[in-house]
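In this text, residue positions in the sequence shown follow my numbering: the first is -14, and each later residue adds one. From the three backbone atoms N, C-alpha and C, an ideal C-beta is built for every residue, glycine too.
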Amino acid sequence: KYRDKIQINADIYYISGIFAYNFKEHSSDKLESIVDLNLKATYFFNQKLSVFIEGNNLLSKSYQYYQYYPGKKLNFLIGAGYVF
-14 KYRDKIQINA DIYYISGIFA YNFKEHSSDK LESIVDLNLK ATYFFNQKLS
36 VFIEGNNLLS KSYQYYQYYP GKKLNFLIGA GYVF
C-alpha cells in the first residue's frame, strides 16, 4: 500500500554554451557548464492531501545562469499540498 502513496522524482540538467555580454571589457564571455541534480519525494495521504520534501542542487555546485548572479547551492524545501 505504501508504493501507491509515495512518488519519487529525480531530475538532472546539463546546460552548456551560455554566453553573456561583459560590459566591463565590452566582450562576450562563455559561462561555465551547469550540472544540476534534483530529487523530490511526495507522500499522498489521500487524493486531496500530500506532503513533500525536495532537494535541489544536490551536488552543491556553484554556477551562474546569468553573469554575476550566482545560483543557490544545496537547498531543501518541505511543504504540503491540498487540492480543493
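Once DSSP output is grouped into helix, strand and coil, what is the label at Y(-13)?
As a first step, residue -13 is located in the sequence shown; it is residue number 2 there, counting from the start. Helix at Y(-13).
Relative to the C-alpha of K15, which residue among A65, Y53, K57 and N60 is closest?
Locating residue 15 in the sequence shown gives position 30, counting from the first residue. Among A65, Y53, K57 and N60, the Cα nearest to that of K15 is on Y53.
Own chain, CB closer than 6 Å to N(-8), minus 5 neighbours either side, in chain order:
Taking the sequence shown and counting its residues from 1, the one referred to as residue -8 is at position 7. In the sequence as displayed, the identity of residue -8 is Gln instead of Asn. Hits under 6 Å: T27.
Any idea which residues DSSP pairs N41 with across the strands?
In the sequence shown, residue 41 corresponds to position 56, counting from 1. DSSP output for N41 lists N60 as bridge partner(s).
Closest to Y(-1) by C-alpha separation, out of A65, Y50 and L59, would be which residue?
Counted from its first residue, the sequence shown places residue -1 at position 14. Closest option to Y(-1), Cα to Cα, is Y50.
If you follow the beta strand (DSSP E) that L16 is in, where does it begin and where does it stop?
Translated into the one-based positions of the sequence shown, residue 16 becomes position 31. From DSSP, L16 is part of no beta strand (DSSP E); its letter is neither H nor E.
Cα-Cα separation, Y67 to K9
Mapped onto the sequence shown, residue 67 falls at position 82. Mapped onto the sequence shown, residue 9 falls at position 24. Going by the C-alpha atoms only, they are around 49 Å apart.
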